[in-house]
Every structure is written in C-alpha cells, then in structure tokens.
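Trainee:
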Amino acid sequence: MSTVESRGAFKQADYKSDVKPIWCPGCGDYHVLMSFTRAFAELGLPPEEVVVVSGIGCSSRIPAYTNCYGFHGVHGRSLALASGLKVARPDLTVVVASGDGDGYSIGGNHFLHASRRNLDMTYVVMDNHIYGMTKGQPSPTTEPEFDTALSPGGTGLRPFHPLVIALASGANFIARCFSGAPNETTAILVEAIRHPGFSFVEILSPCVTFRPDEKEWKNLVHPAPVAATSDPAKAARRIMTDDGFNIGILYRGDRKPYQPAVGTPSVELAELEKDFEL
Amino acid sequence: MGDAGSISIAIVGSGGAGAITAGNFLLEAAGTVGWQGLLTRTVGPQIRGGEAAVCVRLSPRPVECLPDRFDLLIGIDWLNAHRFGAEIEVGPQSLVIGDPRGGELPPNIAAAGARLVEIPLKEMAKAIPDGRPNMIALGIAAKLLGLTEDTLRTLIKKRLADKGEAAIEASEAGIAAGFAAAADLDLGLRLPAPKPASTRRWLLSGNEATALGAVRGGVRFAAAYPITPATEILEWLAPNLLRLGGALLQAEDELAAINMIIGSSFGGTPALTATSGPGLSLMIEALGLATAAEVPIVVIDVMRGGPSTGIPTKSEQADLNLAVYGLHGDAPHLVLAPQSVGDCLFTAQWAVYLAESLQAPAIVLSDQFIGQAQACIERPADVAFIGRRSRAVDIAGAYKRYALAANGVSPMAIPGTRGGQYTADGLTHTERGTPTSGIADHHAQLDKRRDKLERFNYGDHWATIEEAGDLAVITWGSLTGTVREAIARAAADGASASLIAPRLLAPVQPERMKAALAGKKRVLVVEQSHGAQFHRYLRAHYDLPAAVRVLNRAGPLPIRADEVRRAIMEWR
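So this is what it looks like as structure tokens:
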C-alpha cells in the first residue's frame, strides 16, 4: 500500500487509543487487544483504513481501545453492520469483534449468513463460555453441568460448536486461538485478515471473574498437530473430534469472496427515469 | 360523467385470470393518449386461485384517490368476487358486464340496480387460438372509453414484444373481439379529451417512485428483507443501484437489514431499507442506535393492515404510533409521509436529504395503497434536494465526532480520513465518542440531538395547506388526495373547507401548525386507523380548536371521498 510507504512502518502503539480498558484484571481480552494491535502493525495497515466493529459484551468494548475507526453497535448485530460497511467500502479492512453470547446466541443467525455470504472480512469471537457483563449467566458454549443462578444445577444443554457451524455455513478460513498465547494469536490474525473471504477466528479468552476454572485453560491448550486443510470434509472431522483446545488454523478454503462492484456508475440517473415514460 | 370528471372501471376475476394485466394495459393505453389515472390492485394472499380485481380511474386531470363507485364493472368470472364485498361498489348508473357462465353475480352487485349485460367472454376466447378472456375484457373497456383499436394494438406490440408473434396475435384478436362485442354498448359517459401534455406521461407505482426518489437523493446502498407490500422498492433498486455503482444486499432478516445500512452510511454511502410494519418493529432497536450514534439512514415503511401479520395486501395508517413513539429512551428522529404516488418520489428524496443533513434516521410512512398503486401522471418536477452530509476532512488535533455545535450537527469523519478515527457508539458518550455514564455528557448529547432536529428550517414542505374557510380537514399520507377531492366536491355544493396535511410528522412543528390553524373554528380529522392514532398525535402536540370531529376507520375498506364530503356538508 502506497500510504504505508510514504508514512513509514507502523508500530503497535499506533493502533492503541488512550481510552483505558474497562475489563477485570487478568481478563483474557487484554491479550486479544494486544494481538489485534500487533497484527495490524505487522500488516502495515494505516489505522484510518481499519474498522473494528462490535456488538455488546465485555469483548465488544474493544473498538474504542484501538486507534482505528470503530463501531460499538447493538447486541448481536456486529456482523450485519460490518457487512453493509464492507459492501459499500471494499477498500477498508473490516474486523468484527464479538463474544460467545453476542455472536452465538443473540447474533447466531448473522453468523450463519455472514459465513455463507463470504465477504472479505475477519470475525473474531472471544469465547469465555459465560455472559460476563451481566454477571455470569450460561452462554451457548457453557458446559451443561456448569451451575449458575439462572441455571441451577447447570443447563443440561449440549454446547454450541461454533467452528463446525462456521464450516457448514461456508466460512473460508477457520482458526482457534488462546488469548494467553499472544504471539500465536497475532500470527493467526495476520493470516486471517490476509485470507480472502470470511475468516472466522475463535479465541478462547478466559473470564477470571465468573469462570475462575478457566485459568486452567493455559494447561489444556496445545498446538494443532497437523497443518490446515482446504478439504471441508477433513476439516469437519478434525473439528468435530478434537478436544476443543486444539490451537491453530484448521481450515483454509478457496471460495471466491462476495463483493458487488461498487463505485463506478454505468448509467446516468436520468437514463433510469426513461423506464417510466410512456 | 362519473365522480369529479372521471371514469372508473373495475375488472375482476379469479387469481390468474389476468384481470390485473388487462387493467395495466388499459391505464397505459389511456396514458399514451394523454389521460391521467390511478390503478389499484386488490388481491387475496394466494398467488393463484384466489380473487383478483383491478380498479382504474381515469381523468384529464390528476387522479389521487379511488372513486366512490365504479362506472363500469367487468367480471371475467364471479367465482371469488364476493370476497371484495364493499370494496367494489356499483350504482344504478353503472354498467356491469359478465360472462353468463362465469358463476353467480355477487349479491351486493346484483342488488345495486346496475344495468347488466352478458357477454360470453370464455366462449369467445376459446374461438381464438391461445385467446384469453382478459384481453376481450380489455377490448370492451377500451371501446367503452373511446380509445381506438390502433392505440391498443401499438401498446400490445410494445408490451408483448418478448412473448413472440403468436402471443401478440392472440391478444390483438381478443381485443378486436372485445371491440366488436361492445360495438352497440354505450357507457353513457365520455371523458373530455385531454389537454396535449408538454412532456410524456409517467407510469409508475408509489413504490417505484419511492425508490427513484431515494436514488435521486443520493442513496447508493440498500439492504432489506422481502416483505409485502414493500418488495417492489427493492426489486427496482436491486438492478438500478448496480447500474449506479451501488449495491443492494438481501439481508437474512430485518435486524440485519437495518444494521447493514447503518454500516454503509457509517462508511459514507447514503443508505436505505424498505419494509412494512412487522419489519419496522424488528428495526426499532437499531433506529435508536442510528439516533444515538448519529448515523443518517432512511427506513421506508409501506404500511399494511396490523397488528401482527394483519392483512399484508391491504392498506392501513396504523404504524404512526410505532414510527413516532416506538424508540426507547429519548430518541429524536424524522418521520415523514408521502401524500400521493408522485409525492412518494419527492418525500423519499427529501427524507434522504434531511437524514443526511441532520445525521439522523428518517422513517417514511408510505402505505400499501399508494405504494402498490400505479399512477399515470405528469413527469414529477426535479427537486434540488441532494443529500449533503457535513464531513470532517482536514483534521488537525484531537477530533471530536460529537462536538457540541450551535446547530447540533457535528462534522462526521468517514473511515479512510486520517486523524478522524473514532468509535461510533450506542452507549452514552462524550464529545469524542468515548463511553461515559456522566450526567453532564448525557444531557449535553440529548440536547444536541434534539436541537439539531428542532432548529432546522424545514420550509413549506412540512405540510400541504390549502386554505379555504374556517373548517380545517386535517389528514395525512395517502388520504390527502381523497380529502382534497372531498373538499372540491363540497365546495361545488357550497361548503368550503381548508386542507392541512403534514408531510413532516416528526419533529413536530408547533409554530407552523399554529399558523395553519389561525382562524380555524372547527377541525375534522380523517385517518385510516382503528385507534385514531393521528387524532391522538395531533392532540398531544398541537393546540386544536374546541370543535373537533374524527372520521377514522381501520383498513382495509378505504375511506371514500364521498364520506369525507358528507362529513363536511353535515357540519355546516
């Protein structure tokens, strides 16, 4: 990009805003923010050409903590808002930040259709298996036996499997990260943003307040033993059978991104009006 | 002559019988010789096998409402015609033409005392290879109107060009048979010859006019979920936005649609969605977001019968409360309503202009009646309103997206603008956009968003005002044409009344309404809603004189000009 050459390389600090994050000490999302800014710097993206779009929840507070353009919208609709933005402004780099409640519950339908639409953008879900901002209710990825005030004795429901759903719906890039491993997360985000089409990155990001048990995740995660596949059938088998702590790029598709050609009119407005003349 | 110098024709048949096609051709043929007209379709929810009727009203002058009754009714068959009930009224002066083997004449039509003529449409069609009874009905109607066979032939060749020679021949033969069958019939009415038009007539629906107005105003992105009766807006926009270098996204639902257009507009591309009541209900949360984050968007609501799924194919003016009051919190926004098919173009264009100028969402309350009506009109005037958003361009120092400006409108940085980075937010925010729960910031931003709408000069477009006496008939939206005609007819009978029809419903305009009501002693409110929503809205925001009467009714039976005329006459 010419802008990069004229302005020199960007540093991680160029993407950080002066707004102090409102997250609990030890929250996994701090590391996600760090990985975002490092990935943007590594990609050399001018901050004003990046838009971070989010919904509602702890993770969705991230746009204001970056020095990019941002949109902190309503609960569950970040993918829709980002899709309209990307279609109208294909020149921008669009990154969507969400959580397991925002993205998989209230925004679940948009997840299916954004995967299917395959616009060239990156969808990052910080998954902590709990609603943190509303103080500890079960989310679609909460384990069935996890006891909460809203689900005494556990929900008894099978957790949602976001990676399989992304694959089945048509996402073009699927990866799992762990927030506590920012180097690996940064590298995967760089790949995800570079990859054409809809890239889905699930980041396991512990909630130290309502899920102190998740501090154990650092001992459970492990690198994916084999490289990413471009075969959806193989990817499906891997994702369905892994232990949920397999970290790495799991699927890289080659589907052409959707993008209407915008910007250049082929007719004058007055021409269209002739349709109505008798 | 029929009502107010017009002739009105209704053609009915089972769904799929082609009544609507016949009506469309009739309107277009009348338009090519210079008449103006209005066509409405009345259909059941079934695609085929239900009931279908087309109503065409023609005049040398603009036609903006349906007649009280029809001068000519042709039944291709009467199989489901009873379902129209009072929607198609005929009188002793009317001519009713039906097929003797087309089923039983509906009781209300049989009881009207109209002149009945039997013509075996089906049998005649069978005698023509690929012949269809609707084309015979078209020929009969055209003959009775005084149109020539040549006019019809030219039209058929143009309209059926892609269907092949055989289809054209079959239709021409049907029309010729219709002309022959009507040779000895006389409607007893003649329309005066139209004045030669300076420009060619336009033929379009309110939904098409809305779409054209929106792109004239600068809209280059749309996202929507299909819904009756708004879909025609989307079907016009989908190919034409592409030609204009824009795009339409079919969204997975209305929640997505409105958030998509917020995204597009945030990126600098003016954007629109179109829906009906159920969709507007789903969009309300994000309308609040657009208000708080100050993102201009336009939402067209083509109103239908409600609540819930209601009557999707019929008109009602019952989304007013939702549009004006539906948002949570104190969320000032724009609400507008077009007053005729042609005015759909102006109002949509003005809505884009206002939304862009004020960085606020605008809801446009159209309805099924004007949305799906086809009108043959004079070419609408070019309007100067093109959306102009105040943009932040050369940004030095810390950018404050929500800076407190005197007029409440703060320049908006568009992504890609260096130094303008900010996060748009639905959370209460500071001038910079940073979330806060501080009292001072909350109050300052609430004031800002209220003031920018209230301080704007909306000019004379805010309402249609036709001054004539101390009785004011106040109405809105698609009933404006009906009330105008009622007032004209009452005037002919010696009773005068003024017309006040606000095009801008929010923000309210107390000073302007006060001026419009100066000297008025009585107010008659006319609206198509069961709960008299408009009357309550007027009561809430404006000082009305002591004497107020309300003529309100739920859809789908339209309020007729004659009902309004009588209400005026009875209150002398």
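If you read the sequences in order, they're chains A and B. Following the numbering used here, the numbering of the first sequence begins with 783 at its first residue and continues without gaps. Following the numbering used here, the numbering of the second sequence begins with 2 at its first residue and continues without gaps. Using N, Cα and C, we set each Cβ at its ideal position, and we do this for glycine too.
If you run the structure through DSSP and keep just helix, strand and coil, what is F853 (chain A)?
Mentor: In the structure shown, F853 (chain A) sits in a strand (DSSP, three-state: E or B).
Trainee: Below 8 Å between beta carbons: does that hold for V34 (chain B) and P195 (chain B)?
Mentor: Contact: yes.
Trainee: Applying the 10 Å Cβ sphere with the 16-neighbour rule, what's the burial state of E787 (chain A)?
Mentor: In this prediction, E787 (chain A) has a pLDDT of 49, which is less than 50 and means its spatial position is unreliable; what the coordinates show is noted afterwards. Flag for E787 (chain A) reads exposed.
Trainee: Examine chain A for any beta-carbon lying closer than 8 Å to the beta-carbon of Q422 (chain B), and answer yes or no.
Mentor: By this cut-off, Q422 (chain B) is an interface position.
Trainee: Name, in chain order, the residues that DSSP records as bridge partners for C377 (chain B).
Mentor: C377 (chain B) is bridged to B:G38 and B:L204.
Trainee: In the DSSP assignment, what residue or residues form a beta bridge with K798 (chain A)?
Mentor: Beta-bridge pairing links K798 (chain A) to A:T848.
Trainee: Looking only at DSSP bridge pairs, what is E52 (chain B) linked to?
Mentor: BP columns for E52 (chain B) point to B:S15.
Trainee: Run through DSSP, which three-state label would T1011 (chain A) get?
Mentor: Three-state result, T1011 (chain A): strand.
Trainee: Rounded to whole angstroms, what's the CA-CA distance from T435 (chain B) to D426 (chain B)? Just pull it up for me.
Mentor: One C-alpha to the other measures close to 8 Å.
Trainee: Under three-state DSSP, which class holds T276 (chain B)?
Mentor: Of the three classes helix, strand and coil, the one that applies to T276 (chain B) here is strand, per DSSP.
Trainee: Mind listing which residues of the region 854-874 of chain A have their C-beta closer than 9 Å to chain B's C-betas, in chain order?
Mentor: Flagged, chain order: H854, G855, V856, H857, G858, R859, S860, L861, A862, L863, A864, S865, G866, L867, K868, V869, A870, R871, D873 and L874.
Trainee: Find out if the Cβ-Cβ distance for the pair I466 (chain B), A517 (chain B) is shorter than 8 Å.
Mentor: For I466 (chain B) and A517 (chain B), yes; Cβs fall inside 8 Å.
Trainee: When the distance is taken between beta carbons, is S499 (chain B) closer than 8 Å to A473 (chain B)?
Mentor: Yes.
Trainee: Run through chain B and tell me which residues come within less than 9 Å of C852 (chain A), C-beta to C-beta.
Mentor: Checking the sequence, you will find Gly at residue 852 (chain A) rather than Cys. Those within 9 Å of G852 (chain A) in chain B are Q422, Y423, T424, A425, D426 and G434.
Trainee: So, is the C-beta of G885 (chain A) closer than 8 Å to a C-beta in chain B?
Mentor: Chain B, which has no Cβ nearer than 8 Å to the Cβ of G885 (chain A), makes this no.
Trainee: List, from N- to C-terminal side, the alpha helix (DSSP H) runs of 4 residues or more that fit wholly inside the region 365-448 of chain B.
Mentor: Counting only runs of 4 or more, we get 369-373.
Trainee: Quick one: which residues of the region 1036-1051 of chain A get their C-beta closer than 7 Å to a C-beta of chain E? List them in chain order.
Mentor: Going by chain labels, chain E is absent from the structure shown, which instead holds the protein chains A and B.
Trainee: Helix, strand or coil, according to DSSP, for S497 (chain B) in the structure here?
Mentor: Correct three-state label for S497 (chain B): coil.
Trainee: State the Cα-Cα distance for the pair A397 (chain B) and G420 (chain B), rounded to the nearest angstrom.
Mentor: Their Cα atoms are separated by approximately 7 Å.
Trainee: Taking C-beta pairs closer than 9 Å, name the residues in chain A that F222 (chain B) reaches, listed in chain order.
Mentor: Chain A residues near F222 (chain B): G866, V869, A870 and V1044.
Trainee: With the cut-off set at 8 Å, would you say L156 (chain B) and A374 (chain B) are in Cβ contact?
Mentor: No; because the gap between Cβ atoms is not below 8 Å, this pair is not in contact.
Trainee: Short check: CB of L335 (chain B) to CB of A215 (chain B), under 8 Å?
Mentor: The answer is no: Cβ separation not under 8 Å.
Trainee: For the beta strand (DSSP E) that contains M908 (chain A), what are its first and last residues?
Mentor: Where M908 (chain A) is concerned, the enclosing beta strand (DSSP E) stretches over M903 to D909.
Trainee: Are the beta-carbon atoms of S1012 (chain A) and D811 (chain A) separated by less than 8 Å?
Mentor: It is not a contact, given that the beta carbons lie outside the stated cut-off.
Trainee: Check whether the region 79-88 of chain B touches the region 52-68 of chain B, counting contact only when three or more Cβ pairs, one atom from each stretch, lie closer than 8 Å.
Mentor: Yes, since at least three Cβ pairs between the region 79-88 of chain B and the region 52-68 of chain B fall closer than 8 Å, the two stretches touch.
Trainee: Closer than 8 Å by beta-carbon distance: list the chain A residues that pair up with G214 (chain B), in chain order.
Mentor: The premise fails here: G214 (chain B) is roughly 11 Å from chain A at the closest Cβ pair, so nothing lies under 8 Å.
Trainee: May I ask you to list the residues that DSSP assigns as paired with M304 (chain B)?
Mentor: Beta-bridge pairing links M304 (chain B) to B:D368.
Trainee: Which residues in chain B have a C-beta closer than 7 Å to the C-beta of P829 (chain A)? List them in chain order.
Mentor: Q422, listed in chain order.
Trainee: Bridge partners for L74 (chain B) per DSSP, in chain order?
Mentor: Per DSSP, B:A11 and B:V97.
Trainee: Going by CA-CA distance only, name the one from B:G32, B:Q251 and B:G327 that's closest to G283 (chain B).
Mentor: At residue 283 (chain B) the sequence reads Leu, which differs from the Gly that was named. It is B:G327 whose Cα lies nearest to the Cα of L283 (chain B).
Trainee: Counting only the same chain and skipping the five closest in sequence on each side, list residues whose C-beta sits under 7 Å from that of E255 (chain B).
Mentor: Closer than 7 Å at Cβ, skipping near neighbours: Y226, T276, G280, L283 and M284.
Trainee: Any idea what DSSP makes of C806 (chain A), helix, strand or coil?
Mentor: Coil, per DSSP.
Trainee: Which whole runs of the beta strand (DSSP E) in the region 110-158 of chain B are 3 residues long or more, in chain order?
Mentor: As far as the region 110-158 of chain B is concerned, its whole beta strand (DSSP E) runs of at least 3 residues are 116-119.
Trainee: Three-state secondary structure (DSSP) at A363 (chain B)?
Mentor: Strand at A363 (chain B).
Trainee: Identify each residue in the region 218-252 of chain B for which the Cβ-Cβ distance to at least one residue of chain A is less than 8 Å, and report them in chain order.
Mentor: Those would be R221, F222, A224, N241, L243, R244, L245, G246, G247, A248, L250 and A252, in chain order.
Trainee: So the alpha helix (DSSP H) G24 (chain B) belongs to, where does it begin and stop?
Mentor: Here the alpha helix (DSSP H) through G24 (chain B) covers A20 to T33.
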